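Only one structure is covered here, and it is reproduced in the block below.
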Amino acid sequence: MTRIMQMPLLTTLISMATWTKVILLEDLDRELGEGMGENKRTRRKIASLERRITQHEGKIEAERTKPRPKHWRIEYWQKEITSWSEQVSRLHRRLPQARKKDD
Numbered sequence: 263m264t265r266i267m268q269m270p271l272l273t274t275l276i277s278m279a280t281w282t283k284v285i286l287l288e289d290l291d292r293e294l295g296e297g298m299g300e301n302k303r304t305r306r307k308i309a310s311l312e313r314r315i316t317q318h319e320g321k322i323e324a325e326r327t328k329p330r331p332k333h334w335r336i337e338y339w340q341k342e343i344t345s346w347s348e349q350v351s352r353l354h355r356r357l358p359q360a361r362k363k364d365d
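The sequence shown begins at 263 in our numbering and counts up by one.
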């Protein structure tokens with residue numbers, strides 16, 4: 263009777279240990295920031311931010327053409343554009359080509 267009860271518990275513990283090991287390795291990889299595809303993810307993030315900057319610039323132009331533009335909206339979008347531009351420049355420095363140019 264006790265043997266039957268121990269088997270599922272042992273199986274459960276082994277699977278929990280395996281999953282814990284997998285999760286810890288994924289966390290370690292993320293912390294190091296290394297791995298295959300890191301440059302690709304960085305380039306995608308840059309492209310995404312640049313698209314958002316372009317969209318916000320369009321919103322600013324559209325708002326300025328209105329008879330009574332809301333300046334608080336324009337200021338908000340400009341702050342976001344500034345923030346994203348700084349983020350793009352930081353991301354560019356992560357890419358390998360940028361590191362070679364700096365040296």
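Yeah, the Cβ is synthetic: ideal placement off N, Cα and C, and Gly gets one too. Model, not experiment: these values are computed from the prediction.
(request) Indicate the three-state DSSP secondary structure (helix, strand or coil) for G320 in the structure shown. (result) Sequence index remark: in the sequence shown, residue 320 carries index 58 (1-based). DSSP places G320 in helix when its eight states are reduced to three.
(message) Can you list, in chain order, the residues of its chain with a C-beta nearer than 6 Å to that of I322? Leave out the 5 residues immediately preceding and following it.
(response) As a position in the sequence shown, residue 322 is number 60, starting the count at 1. So the list reads I336 and W339, once near-sequence residues are dropped.
(request) Please work out which residues of its chain come closer than 8 Å, Cβ to Cβ, to L357, disregarding the five sequence neighbours upstream and downstream, and give them in chain order. (result) Counted from its first residue, the sequence shown places residue 357 at position 95. These residues qualify, in order along the chain: N301, T304 and R305.
(request) Starting from the C-beta of P331, find all residues in its chain whose C-beta is less than 7 Å away, skip the five residues before and the five after it, and write them out in chain order. (result) Translated into positions along the sequence shown, residue 331 becomes position 69. For P331, where only same-chain residues beyond five positions count, the Cβ hits under 7 Å are E325.
(message) Is the beta carbon of I343 closer than 8 Å to that of I308?
(response) Within the sequence shown, residue 308 is the residue found at index 46, counting from 1. Within the sequence shown, residue 343 is the residue found at index 81, counting from 1. Cβ atoms of I308 and I343: not closer than 8 Å.
(request) May I ask which residues mark the beginning and end of the alpha helix (DSSP H) holding R330? (result) Looking up residue 330 in the sequence shown gives position 68. Neither: R330 is in no alpha helix (DSSP H) and is coded neither H nor E.
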